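Down below is the structure, laid out as structure tokens.
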Amino acid sequence: MAIESPKVNVPSKELLEKLFFTAYSIRVFETEGIKLYRQGLIRGYFHPYLGQEGIATGACAALSKGDYIASTHRGHGHCIAFGAEIKKMVAELLQKETGYCRGYGGSMHIADISTGNLGANGIVGAGTPLGVGAALAAQVRGSDAVTVTFTTDGATNNGTFLESLNLAAIWNLNFILVIENNQYAVSTPIGDSTRETDLYKRGTAIGVESHLVDGNDPLAVYDLMVEAVKKCRAGQGPILIEARTYRHMGHHVNDPGKYMPEDKLKYYKDRDPVDRARNDFIELGGATLAEIEVIERKIQDEFAAAVEFAKNSAEVSIEEFRQFAEAY
Amino acid sequence: MAIESPKVNVPSKELLEKLFFTAYSIRVFETEGIKLYRQGLIRGYFHPYLGQEGIATGACAALSKGDYIASTHRGHGHCIAFGAEIKKMVAELLQKETGYCRGYGGSMHIADISTGNLGANGIVGAGTPLGVGAALAAQVRGSDAVTVTFTTDGATNNGTFLESLNLAAIWNLNFILVIENNQYAVSTPIGDSTRETDLYKRGTAIGVESHLVDGNDPLAVYDLMVEAVKKCRAGQGPILIEARTYRHMGHHVNDPGKYMPEDKLKYYKDRDPVDRARNDFIELGGATLAEIEVIERKIQDEFAAAVEFAKNSAEVSIEEFRQFAEAY
Amino acid sequence: MREIMYRDALREAIDEEMARNHEVFIIGEGIAERGGSYKVTEGLLAKYGAKRVRDTPIAEAGMIGVGVGAAIAGGRPIVEILYVDFAMLGMDMIVNQAAKFRLMTGGEGRVPFVMRSQGGTGGGVAAQHSQSLEALFYAIPGLRVVMPSTPADAKGLLKYSLRQQDPVIFLEHKHLYMTKGMVPDGEHIVEFGIGDIKREGKDVTMIAWSNMVPRTLEAAEALSKQGIEAEVIDPRTLVPLDKAMILESVAKTKRVVIVQEAVRRGGVASDIASIIQHEAFYDLDAPVEIVAGLDIPVPFNLALEKASVPQTDDIVAAALRTLHAPAHVQAAE
Amino acid sequence: MREIMYRDALREAIDEEMARNHEVFIIGEGIAERGGSYKVTEGLLAKYGAKRVRDTPIAEAGMIGVGVGAAIAGGRPIVEILYVDFAMLGMDMIVNQAAKFRLMTGGEGRVPFVMRSQGGTGGGVAAQHSQSLEALFYAIPGLRVVMPSTPADAKGLLKYSLRQQDPVIFLEHKHLYMTKGMVPDGEHIVEFGIGDIKREGKDVTMIAWSNMVPRTLEAAEALSKQGIEAEVIDPRTLVPLDKAMILESVAKTKRVVIVQEAVRRGGVASDIASIIQHEAFYDLDAPVEIVAGLDIPVPFNLALEKASVPQTDDIVAAALRTLHAPAHVQAAE
Ligand SMILES: Cc1ncc(C[n+]2csc(CCOP(=O)(O)OP(=O)(O)O)c2C)c(N)n1
Ligand SMILES: Cc1ncc(C[n+]2csc(CCOP(=O)(O)OP(=O)(O)O)c2C)c(N)n1
Ligand SMILES: [Mg+2]
Ligand SMILES: [Mg+2]
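Right, dumping it as structure tokens:
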């Protein structure tokens, strides 16, 4: 299957701005977050989304209020693209009471039920059954809400992939599974984990409409997702989308990623999704460099403010935690 | 994919006799076993292999000493085709000390490690990872032994199918997965459990050579298996074979199977694998009715003797069981 | 009051809650068309339709996983797992998702998920279909563990399960489905954490749940013939556990027998014993006795199956041991 | 004797057994090329080749399943599961296959399967990467549960694990990998079921395993400054459990504190307490104290993570409670 870039209709400037805004916001969050991590302000695991921004950006832009997403251990990008507040995210990473999960969850567990964000997950593959479940609840409820689960290449070799996508299929659920194929599971290249690296074929094999798209092209992801969402709401779900991409660094902040071949890394960095969004905004949207600069400054300032907010936020209360345990 | 019936070479009379002998032995074991069950002599679960005899018969005939099999909850046929002693099987079903598992296992757990029979299983889908494991141990050992796991249509929607077949694939194991697609999981028709009822396609999707064969044609199953075994020993495993078949009755002895459409049941009964083996023996092997009669009588007598053996066998010792528990 | 079967009481609970709350739905293997292996869901498909009563493939991890996801998204799923043994396939979703979500979201996320399943020995279904696995759920904070022994408790507890906010592991027993008992007419709800004294007595406290309750009551009758009056407490929910009721009884009887069908090692009985010896150390006139299954899987052979789990005589014997135990003061000499 | 790290002791054990027995092989995520997340398997790929040291996809159920199958077929697999939390994905293969096979085959089939994994809290890895789940394996007859606290025990027990015939759940601790200890030169094997007195004492018996051993020894030193001499017993293997060693110590001290990092409810400590109160009822001068994790998942926040598991002061306090408890005879008045 050739990589699809439908480009169904001429994108509006608003859309292009939104895509760039989102992609750049994620880029800033991760680059600055890594600095905070290196300063020892963030503890535990931190899996950067750098290089993969195009996927969450394009996918979430196609969703509406009332829809759901479920995410992975590499979940910051999905939260941001789905509209999370940067300051509550930073506060969570800094273990503060004002974080999305009161500092109880951390990077791998940021969720915001109130907006339909079912959360990141520390268990590879777990987001798929959870997302299918949300889609099932929506169908029982008679709602036309769509659920998108972002999953990973590594998760496609896990039983949860087959079992839950098959359930979504027999029940024609409004479910879209977006596989972020960054071609590695930690240091293990995808070719060592499976013979068939065209992952979308696994959907086809169980009767699920499946697509392959360039994950570094936010607009292509968006266009395909718009179609997928439309089909789901028309009762033609589920749909699987494999988005090819590559990390810009190792698996987590402390992984030098030496196993990533120079040339391949360069190939993908030359196709940086954030640059792509910026260029689309300029070339297809006619944005000026001045406009770009304003946006970038705004995003940087928001992050800086978020860090201040988090630093000044209250510490969690051990007493409240003990009471919570009594009731748990 | 058209159903394959390679018929690679003219079958010898010995082979045809063996196929018939095996198929008829299973038929007698199940029909007589059901009577014992109805008499209350057999307790617990009893899942008859009636109608599916062609698969175990053809598949096991292609195996050699040193090879392994892993089976299902519907496992009597696999044991018999792999060379189990009828009397030890009957004794097991009658809960006797002389049974394959000293009466501790029962119908769903008959195994015979000494001959490479890794056993039936009460957990749908469990035989696949276990079989892949045996193939892995063989590869580590440098042996060219082949492991065949008999699995079911129901198990192909279970995560164990994807995870373990994928492991067999990346490690090129001498592993053959035979899916006995009898088109039902208890009363649930396969079409309600998955959109894609061509189950072999799930192997193709992860890079495993996959075939579809008529499970009611023992010779076709045998021919395909001979090729599969050859390829495995040449390091070209794993291989998946979907064998289409149909039960001749309900899921277990006490299931009337009302949900099985008359016409479809008739269609398959008209293609009875035991009759097929008998006719092949006569038409391709030139066997006379007299020869057939001798064989059938021999098999019936053996079963009758097995029942006598089992009935006269010692009861298990509760004292020994308690000691076993101490050491367990 | 009407006398109905345990399985019918369960059906009433599901039926009433489905009628009351349109978010409630149920999925499982053969539960729709066939009405379930134990007929608990019979008739529900016809009444509530294919959207709310669904047959599934054989995919326990997926079934439990989508149930948990549905609950997180505000649905009211009931996932039926044919045998609790098969729930092992979905343990990740139970342990790492359902039980953790509330904590991981700082308290905001709730998981009103109900898994119905059944366990215990019966009829030679052997090692993989006979386990009593409540200890594995009991040890995971965040789960509620419910094990009703009567039709009334089964109905009341299942209805309550479908109205509260946390993941419930609702464990039935294959031997109880056909047993009968009186069930109140109309709305009948039993909240969690409230034990039930199934028999009053002053000489020894016996704690049992699920299918061990009728057996322990049998033992109590046998003891009564010897002039010993046993108090039989059925916690009904193991999490939360009605410690107050247990400790109050122990303060009165000073002797305890805990009966579980599950194996002895690492069972819930051990935990209850550890609580009693700590909270009621000075009340006890004898060691807490535990009557439990042997530490080995359940064999196929029916005589061995029987030998592997507690029988009435074992319970009586344990009670007598607590009564004939020397008191501490003597021990101190 | 040499002083080496826990992780190096584990590597020595695997290396020596792989050299000794060609059936021994190991599979896991990132264990070959990368040498494992904790460097336990570093260098083994180069030494033993890709047939015996294999990286796997992320498929815990499959990994554990093929390990069990290989063991049944006479292989000697070691399956490394990165975090014990992830073993929940393979529970069916552990509970329904590995632990049952020997019984189901009437004793003929054996499953010399070794699952290595690690648990416990450390560094804010949160609810799904911090659990101590030994209770879930402890409650399943047929499994051996091993939890070494020192490099020497880690090496000796892992070597023994690879020579015996039953499925072993070998649980390491993320905090212990970099800790150092003396390990005997040459062949060093530690059999199952033999506890180790890590510190002798006469006033109170403290039982702890894995990472709670060093912490309990700290507490013992603190108590010693107050003139209280605690005996610290490390069972090393929870199944089989060295009951004799524990009861002998209790007969001497008459007081017991059990320390576990796992949550309080349904933990192994409860089972050990239930055994002690039964076997040593007349020896005890105070209730058995259990110091354990709070009944809630481990939070991300480091202060809360710390508050959720036993700290040295908690252990000291529990020991003092046993010493200040009124004796029975007075209680009887
Ligand atoms: C079930 C499970 N197994 C193992 C891990 C440890 N782990 C965390 S991330 C990771 C690699 C994941 O690779 P992939 O699924 O492709 O996602 P990516 O990191 O590439 O985004 C592993 C093995 C886990 N979190 N969950
Ligand atoms: C994991 C698991 N889930 C459910 C069951 C209960 N069960 C036993 S047989 C069966 C149907 C199996 O259908 P299939 O897998 O197609 O095999 P068949 O009976 O058709 O040979 C079910 C659901 C089981 N034994 N194991
Ligand atoms: Mg990846
Ligand atoms: Mg079938």
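Protein chains in written order, with this note's numbering: chain A, 1 to 328; chain B, 1001 to 1328; chain C, 2001 to 2333; chain D, 3001 to 3333.
The beta carbon of each residue, even a glycine, is placed where N, CA and C say it ideally should be.
The model shown is predicted, which means the values in this text are computed figures rather than measured ones.
As computed with DSSP, H2173(C) is found in a beta bridge with G2119(C). About 4 Å separates the Cβ atoms of G1207(B) and E196(A), confirming a contact at the 8 Å cut-off. Considering only beta carbons, the part of the stretch 2053-2070 of chain C lying closer than 9 Å to chain B consists of D2055, T2056, P2057, I2058, A2059, E2060, A2061 and G2062, in chain order.
D1153(B) has its CB nearer than 7 Å to a heavy atom of ligand 4.
When C-beta distances to chain D are compared with 8 Å, the residues of the stretch 188-218 of chain A below that value are T188, D192, S193 and T194, in chain order. Annotation for I3026(D): the continuous beta strand (DSSP E) segment containing it runs V3024 to G3028. Within the DSSP bridge table, the entry for A185(A) names T188(A) as partners.
For T72(A), the CB falls within less than 7 Å of some heavy atom of ligand 1. Near chain C, meaning a CB-to-CB distance below 8 Å, no residue of the stretch 31-55 of chain A qualifies.
Spanning the alpha carbons of M1249(B) and F2300(C) requires a straight line of approximately 25 Å.
Between the stretch 308-327 of chain A and the stretch 1052-1063 of chain B there are fewer than three inter-stretch CB-CB distances shorter than 8 Å, so the stretches are not counted as touching. Taking C-alpha positions only, D2242(C) is separated from L2217(C) by approximately 19 Å. For Y1222(B), the enclosing alpha helix (DSSP H) starts and ends at P1218 to R1233. At a cut-off of 8 Å, the C-beta of K2252(C) has no neighbouring C-beta in chain A. Distance from the Cα of A3059(D) is smallest, within the candidate group G103(A), T115(A), V132(A) and T156(A), for T156(A). The three-state secondary structure of Q2277(C), taken from DSSP, is helix.
In the DSSP assignment, K3180(D) falls within the unbroken beta strand (DSSP E) covering K3180 to V3183.
For S1193(B), the CB contacts under 8 Å within the same chain, skipping 5 residues up- and downstream, are D1153, G1154, N1157 and A1185 in chain order.
Collapsing the DSSP output to three states places L3241(D) in coil. Bounds of the alpha helix (DSSP H) holding G2062(C) are E2060 to I2072. Counting other Cβ atoms within 10 Å of its Cβ, V1294(B) stays below 16 and is therefore classed as exposed. For V1274(B), the enclosing alpha helix (DSSP H) covers residues P1273 to E1283. If you draw a straight line from the Cα of D2196(C) to the Cα of L2010(C), it is about 19 Å long. Against chain B, the CB of L118(A) has no partner CB under 8 Å away; the residue lies outside that interface. Within the stretch 2102-2123 of chain C, contact with chain A at the beta-carbon level (separation under 8 Å) is assigned to R2102, L2103, M2104, T2105, G2106, G2107, E2108 and G2109. Proximity of chain D to A325(A) at the Cβ level (cut-off 7 Å) is accounted for by L3294, D3295 and I3296, in chain order. By the Cβ rule, the stretch 268-282 of chain A counts as touching the stretch 24-32 of chain A, because three or more pairs are nearer than 8 Å. Nearest CB-CB separation between G1159(B) and chain A: below the 8 Å threshold. For K2198(C), the enclosing beta strand (DSSP E) begins and ends at D2196 to R2199.
Distance between A2317(C) and G3043(D), taken at the CA atoms: about 59 Å.
Residues are counted here when their Cβ sits less than 7 Å from a Cβ of chain B; for the stretch 3128-3143 of chain D these are P3141 and G3142, given in chain order. Boundaries of the alpha helix (DSSP H) harbouring M3104(D): F3101 to M3104, taken from the DSSP string. Per the Cβ contact rule, the stretch 3114-3125 of chain D is in contact with the stretch 35-52 of chain A (3 or more Cβ pairs under 8 Å). Distances between the C-beta of Y1184(B) and the heavy atoms of ligand 4 include at least one below 7 Å. Taking the CA atoms as reference points, V2114(C) sits about 38 Å from E1262(B).
Spatial neighbours of Y1037(B) in its own chain (CB-CB distance under 6 Å, excluding positions within 5 residues in sequence) are listed in chain order as F1046 and V1253.
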